[in-house]
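Protein chains in written order, with the working numbering: chain A, 12 to 118; chain B, 1365 to 1484. Okay, structure first, notes after.
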Amino acid sequence: DIQLTQSPSFLSASVGDRVTITCRASQGTSSFLAWYQQKPGKAPKLLIYAVSSLLSGVPSRFSGSGSGTEFTLTITSLQPEDFATYYCQQLKSYPFTFGQGTKLEIK
Amino acid sequence: QVTLNESGPALVKPTQTLTLTCTFSGFSLITNGVGVGWFRQPPGKALEWLALIYWNDDQRYNPSLTSRLTITKDTSKKQVVLTMTNMDPVDTATYYCARSYNTLDAFDIWGQGTMVAVSS
């Protein structure tokens, strides 16, 4: 199985800040890496697929990058609605796996 | 508009079999490249992928649970059914279904989830 490790697990930031979340894979995932946002009591929402492709309708302040085994999700100019938990997911090989999540909290 | 909706029992007893139904609309599961997957999330924990069925009836399972899972589809009813045998309290979680599309290689639309508790 490909293990994904996100860092940090918790992140405290303020509205307007720029934040970066890292996802490290135990082996290469090629371009098969996605990012999801989840708010309490809600289903995950896809933000980014194929490492850096923004899903239609997702604000441009979200961006993804990386290659091989290290990937990042960056949110520029945090908005109040961005405080949530973020997960990376690899779809390179079965079983599809997720990172443990990064909880982004308001400072 | 693409939607998915999970349904099933809120409570099952240990050793019982859980049957969950994902009813979808706005897309077809006979379209090349489309799949429907199941996930779960225990309270306060991370997401876990369980199973996936593709338009061509290819089925994939999480090896950690493969002996307990069966995923099937009924394209005429627009439903995907997941059964999980021998339920245990550790299986208590919110269960989600979601659509995948090979052009995205991700799960782009999710149901709202259904909470399942396992308790005697």
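For glycine and all other residues, C-beta sits at the position ideal for the given N, C-alpha and C.
Chain B within 7 Å of residue i, Cβ atoms only
i       : result
Q111(A) : yes
A45(A)  : yes
L57(A)  : yes
A127(A) : Only positions 12 to 118 of chain A appear in this structure, which leaves residue 127(A) out of reach.
Bridge partner(s) assigned by DSSP for residue i
i        : result
G1372(B) : None, per the DSSP bridge assignment.
K114(A)  : F21(A) and T96(A)
L1384(B) : L1446(B)
F82(A)   : C34(A) and G77(A)
I13(A)   : Partner(s): none; I13(A) has no beta bridge.
Y1459(B) : R1404(B) and T1478(B)
S1389(B) : T1367(B)
L89(A)   : DSSP, once it has assigned bridges, lists no residue as partnering L89(A).
Y1465(B) : V1398(B) and A1470(B)
L65(A)   : I59(A)
Beta-carbon gap between residue i and residue j smaller than 7 Å
i        : j        : result
V30(A)   : I117(A)  : no
T33(A)   : S23(A)   : no
L1382(B) : V1376(B) : yes
Q1476(B) : T1387(B) : no
T1458(B) : Q1423(B) : no
G1372(B) : A1462(B) : no
P91(A)   : V26(A)   : yes
D1438(B) : F43(A)   : no
Y1460(B) : W1474(B) : yes
G75(A)   : S88(A)   : no
A36(A)   : L15(A)   : yes
N1395(B) : W1419(B) : This sequence places Thr at residue 1395(B); Asn is not what is there. Yes; because the gap between Cβ atoms is below 7 Å, this pair is in contact.
D1452(B) : P1378(B) : yes
F1411(B) : F82(A)   : The sequence as given places Leu at residue 1411(B); Phe does not occur at that position. Result no, Cβ atoms of L1411(B) and F82(A) do not sit closer than 7 Å.
G39(A)   : G79(A)   : yes
P55(A)   : W1413(B) : no
T1447(B) : T1430(B) : no
F169(A)  : K103(A)  : As displayed, chain A neither begins before 12 nor continues past 118, which places residue 169(A) out of reach and without an answer.
Contact with chain A by residue i, beta-carbon distance below 7 Å
i        : result
R1307(B) : The requested residue 1307(B) is not part of the displayed model; chain B covers only 1365 to 1484.
R1424(B) : yes
Residue i CB to nearest heavy atom of the ligand ADP below 6 Å
i      : result
P51(A) : The ligand ADP is not among the ligands present in this structure, which contains no ligands whatsoever.
**OP:** May I ask you to list, following chain order, the residues of the segment 59 to 74 of chain A that have a beta carbon less than 9 Å from some beta carbon of chain B?
**Re:** Per Cβ criterion, the list reads I59, Y60, A61, S64 and L66.
Subject >> Within 7 Å of chain A by C-beta, residues of the segment 1455 to 1483 of chain B in sequence order >> reply: Y1460, L1468, D1469, A1470, F1471, D1472, W1474, G1475, Q1476 and G1477
Original post:
Quick one: complete beta strand (DSSP E) runs, 3+ long, within the segment 1397 to 1448 of chain B?
Top reply: 1398 to 1405, 1412 to 1418, 1423 to 1425, 1433 to 1438 and 1443 to 1448
**OP:** Report the residues of the segment 88 to 112 of chain A with a CB closer than 8 Å to any CB of chain B, ordered along the chain.
**Re:** Y98, Q100, L102, Y105, P106, F107, T108, F109, G110, Q111 and G112
**OP:** Could you list the residues in the segment 1410 to 1421 of chain B with a C-beta less than 8 Å from some C-beta on chain A, going in chain order?
**Re:** Residues passing the 8 Å Cβ filter: A1410, L1411, E1412, W1413 and L1416.
**OP:** Kindly provide the ranges of any beta strand (DSSP E) runs that are 3 or more residues long and lie completely inside the segment 27 to 53 of chain A, ordered along the chain.
**Re:** 30 to 36 and 44 to 49
Subject >> Contact list for the segment 1383 to 1410 of chain B against chain A, Cβ threshold 9 Å >> reply: G1401, F1403, Q1405, K1409 and A1410
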